[in-house]
Amino acid sequence: MSAALDLTEAERVRILAKTARFNPPTAALADGRRDLVGLDRAELIAELAAIGEPAFRAKQLWHWIYHQGTTDFSTMSSIARPLQEKLAERFVIGRPEAAIVQTSTDATRKFLFRFRDGQEAETVYIPDPVQERGAVCISSQVGCTLSCRFCHTGTQTLVRNLGAAEIVGQFMAARDSYGEWPSPRGETPRLLSTIVLMGMGEPLYNYENVAKAMKIVMDGEGIALSRRRITLSTSGVVPMMDRAGEELGVNLAVSLHAVRDDLRDEIVPLNRKYPLRELIAACKRYPAASNARRITFEYVMLKDLNDSEADAHELIRLIAGIPAKVNLIPFNPWPGSPYETSTGQKIDRFAKIVMDAGFSSPVRTPRGRDILAACGQLRTEGVRK
Ligand code: SAH
Ligand code: SF4
Numbered sequence: 273m274s275a276a277l278d279l280t281e282a283e284r285v286r287i288l289a290k291t292a293r294f295n296p297p298t299a300a301l302a303d304g305r306r307d308l309v310g311l312d313r314a315e316l317i318a319e320l321a322a323i324g325e326p327a328f329r330a331k332q333l334w335h336w337i338y339h340q341g342t343t344d345f346s347t348m349s350s351i352a353r354p355l356q357e358k359l360a361e362r363f364v365i366g367r368p369e370a371a372i373v374q375t376s377t378d379a380t381r382k383f384l385f386r387f388r389d390g391q392e393a394e395t396v397y398i399p400d401p402v403q404e405r406g407a408v409c410i411s412s413q414v415g416c417t418l419s420c421r422f423c424h425t426g427t428q429t430l431v432r433n434l435g436a437a438e439i440v441g442q443f444m445a446a447r448d449s450y451g452e453w454p455s456p457r458g459e460t461p462r463l464l465s466t467i468v469l470m471g472m473g474e475p476l477y478n479y480e481n482v483a484k485a486m487k488i489v490m491d492g493e494g495i496a497l498s499r500r501r502i503t504l505s506t507s508g509v510v511p512m513m514d515r516a517g518e519e520l521g522v523n524l525a526v527s528l529h530a531v532r533d534d535l536r537d538e539i540v541p542l543n544r545k546y547p548l549r550e551l552i553a554a555c556k557r558y559p560a561a562s563n564a565r566r567i568t569f570e571y572v573m574l575k576d577l578n579d580s581e582a583d584a585h586e587l588i589r590l591i592a593g594i595p596a597k598v599n600l601i602p603f604n605p606w607p608g609s610p611y612e613t614s615t616g617q618k619i620d621r622f623a624k625i626v627m628d629a630g631f632s633s634p635v636r637t638p639r640g641r642d643i644l645a646a647c648g649q650l651r652t653e654g655v656r657k
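So this is what it looks like as structure tokens:
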């Protein structure tokens, strides 16, 4: 047991070292000022200490930055003018630049954000058609290393990880676009009230930055999103799943897509490293899962490939005993994609088998397909330097 855990820890260290090489350039701007967004509390305190300011200033700034959504020091009324000016000389409260914003006929809105080095990533706001709220789908990387066969992002090689500031910044800039500041306290509802880490990239191959960003959005004195309002989707980076569960406690979504190793090896190549048996074991021990907080298995419906009744029965057998629901995602095509979407009849049949076994199995209505904003359609023209 402990030997196995040591191995997992060694694997985690290896993954963290390898993925850190893709981290973004430093936070300083061309003029030498530093971006305060994306710093954790300790780093913010240290930045202020370096200019002779006491720790309570960090608390004030945190409130302005993450609760009020302020980007302009001169509007911070609890801070005296001379200090406002001193801060503005040294720091900025940055946002990624919204290079393109498109709104779908179904009200889904896609942002192409451009970061300071010119790299870009997409973010999608998906309003709930029934309730007055919605989810912000955030990217964690520019491109992806994993090349899942059905995924548009997977056709773009990994350019780099997004930094914590860029990850939080996507959410903050999306909120700017809807005028959604200050952050709600208690009852005040907000449209942008959940985060799904389901955009471009594999969040568990950029764990440090994703974790830092999520801790910032969960901080009770700022944006204050509960961990229950955040879902991290992974294609199955098994050693990092435990760590995310312990440290962040967010909801987990697992991109399953196939129930046999031979097929999953082909369409989710990461399966060759972490096969189904290990993936399912990691789901069974995921610390933040319970009957109240089920693991979501995502299953893209690919015509005549993974959509048979036998597949559905195998799926139930595989996830038996896990507090789970299954999201059936009709395949979203993209230019040049090699697959077709399963027929409605096949999807319904599959859904019924899974539901009859006691798992909720909603068929996800594609959102924002007209602007290539649906699951798996995101891609940018990343340039490798
Ligand atoms: N890298 C992470 C998160 C991003 S993808 C992961 O793979 O989980 C978000 C979801 O969209 C994943 O379940 C992914 O498998 C799915 N997806 C990818 N391409 C798709 C497509 N063309 N149609 C439907 N879903 C797709
Ligand atoms: Fe990467 Fe997820 Fe797309 Fe696979 S499905 S290529 S892991 S973004």
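The working numbering numbers the first residue of the sequence shown as 273 and each following residue consecutively.
C-beta atoms are modelled at their ideal positions from N, C-alpha and C, and glycine is treated no differently.
Within the continuous alpha helix (DSSP H) that includes residue i, where are the two ends?
{"i": "Gly616", "result": "616 to 628"}
{"i": "Gly441", "result": "436 to 449"}
{"i": "Pro511", "result": "510 to 519"}
{"i": "Asp533", "result": "533 to 539"}
Tell me the DSSP secondary structure of residue i in three-state form.
{"i": "Phe569", "result": "strand"}
{"i": "Ile594", "result": "coil"}
{"i": "Ser580", "result": "coil"}
{"i": "Lys290", "result": "helix"}
{"i": "Val635", "result": "strand"}
{"i": "Pro296", "result": "coil"}
{"i": "Leu574", "result": "strand"}
{"i": "Val414", "result": "strand"}
{"i": "Leu548", "result": "helix"}
{"i": "Pro610", "result": "coil"}
{"i": "Pro218", "result": "Residue 218 is absent from the structure shown; the chain starts at 273 and stops at 657."}
{"i": "Arg641", "result": "helix"}
{"i": "Thr429", "result": "coil"}
{"i": "Thr280", "result": "helix"}
Using 8 angstroms as the threshold, is the C-beta distance between residue i and residue j below it?
{"i": "Pro595", "j": "Asn563", "result": "yes"}
{"i": "Val364", "j": "Asp307", "result": "yes"}
{"i": "Ala436", "j": "Ile488", "result": "yes"}
{"i": "Gly473", "j": "Ser412", "result": "yes"}
{"i": "Ser633", "j": "Lys575", "result": "no"}
{"i": "Tyr479", "j": "Met513", "result": "no"}
{"i": "Ile351", "j": "Gln332", "result": "yes"}
{"i": "Ser465", "j": "Ile643", "result": "no"}
{"i": "Glu581", "j": "Ile601", "result": "no"}
{"i": "Tyr546", "j": "Val510", "result": "yes"}
{"i": "Cys409", "j": "Thr427", "result": "no"}
{"i": "Val468", "j": "Ser498", "result": "no"}
{"i": "Leu463", "j": "Tyr450", "result": "yes"}
{"i": "Asp448", "j": "Gly341", "result": "yes"}
{"i": "Trp334", "j": "Leu316", "result": "yes"}
{"i": "Asp400", "j": "Gly640", "result": "no"}
{"i": "Arg500", "j": "Arg565", "result": "yes"}
{"i": "Leu384", "j": "Pro296", "result": "no"}
{"i": "Lys255", "j": "Gly616", "result": "Because residue 255 is not part of the residues shown, which for the chain are 273 to 657, the question remains open."}
{"i": "Gly471", "j": "Ala525", "result": "no"}
{"i": "Tyr611", "j": "Phe603", "result": "yes"}
Taking the alpha-carbon positions, what's the residue i to residue j distance?
{"i": "Lys624", "j": "Val531", "result": "17 angstroms"}
{"i": "Ala485", "j": "Pro475", "result": "11 angstroms"}
{"i": "Val522", "j": "Ala561", "result": "9 angstroms"}
{"i": "Gly608", "j": "Asp533", "result": "26 angstroms"}
{"i": "Gly630", "j": "Ile591", "result": "11 angstroms"}
{"i": "Lys657", "j": "Val402", "result": "Low per-residue confidence applies at Lys657: pLDDT is 46, beneath 50, and the placement is therefore not dependable enough to give any value."}
{"i": "Gly304", "j": "Gly390", "result": "18 angstroms"}
{"i": "Phe387", "j": "Arg432", "result": "12 angstroms"}
{"i": "Thr417", "j": "Arg293", "result": "13 angstroms"}
{"i": "Tyr338", "j": "Ala645", "result": "27 angstroms"}
{"i": "Leu587", "j": "Arg405", "result": "32 angstroms"}
{"i": "His424", "j": "Val414", "result": "12 angstroms"}
{"i": "Asp344", "j": "Glu550", "result": "49 angstroms"}
{"i": "Ile502", "j": "Gly366", "result": "23 angstroms"}
{"i": "Ile287", "j": "Thr280", "result": "10 angstroms"}
{"i": "Glu653", "j": "Gly324", "result": "43 angstroms"}
{"i": "Val540", "j": "Ala371", "result": "31 angstroms"}
{"i": "Ser349", "j": "Pro454", "result": "15 angstroms"}
{"i": "Ala318", "j": "Glu519", "result": "23 angstroms"}
{"i": "Ala446", "j": "Tyr397", "result": "8 angstroms"}
{"i": "Ile552", "j": "Asp579", "result": "20 angstroms"}
{"i": "Leu650", "j": "Pro638", "result": "13 angstroms"}
{"i": "Arg457", "j": "Arg536", "result": "44 angstroms"}
{"i": "Thr347", "j": "Gln356", "result": "9 angstroms"}
{"i": "Cys647", "j": "Leu301", "result": "33 angstroms"}
Residue i lies in the beta strand (DSSP E); which residues open and close that run?
{"i": "Gly304", "result": "Neither: Gly304 is in no beta strand (DSSP E) and is coded neither H nor E."}
{"i": "Val408", "result": "406 to 409"}
{"i": "Val526", "result": "523 to 527"}
Could you tell me whether any non-hydrogen atom of the ligand HEM is closer than 7 angstroms to the CB of residue i?
{"i": "Gly648", "result": "Absent from the structure shown: the ligand HEM. Ligands present: the ligand SAH and the ligand SF4."}
Got a sec: is the Cβ-Cβ distance from residue i to anything in chain C below 8 angstroms?
{"i": "Trp334", "result": "The structure shown contains no chain C; it is built from a single protein chain."}
**Study point:** Contained beta strand (DSSP E) runs [length at least 3] in the region 320 to 399, N- to C-terminal order
**Key:** Taken in chain order, the complete beta strand (DSSP E) segments of 3 residues or longer contained in the region 320 to 399 are 369 to 375, 381 to 386, 392 to 399.
Check your understanding: Where are the alpha helix (DSSP H) runs, 4 residues long or more, that stay fully inside the region 457 to 503, in chain order?
Key -> DSSP runs (the alpha helix (DSSP H)) wholly in the region 457 to 503: 479 to 490.
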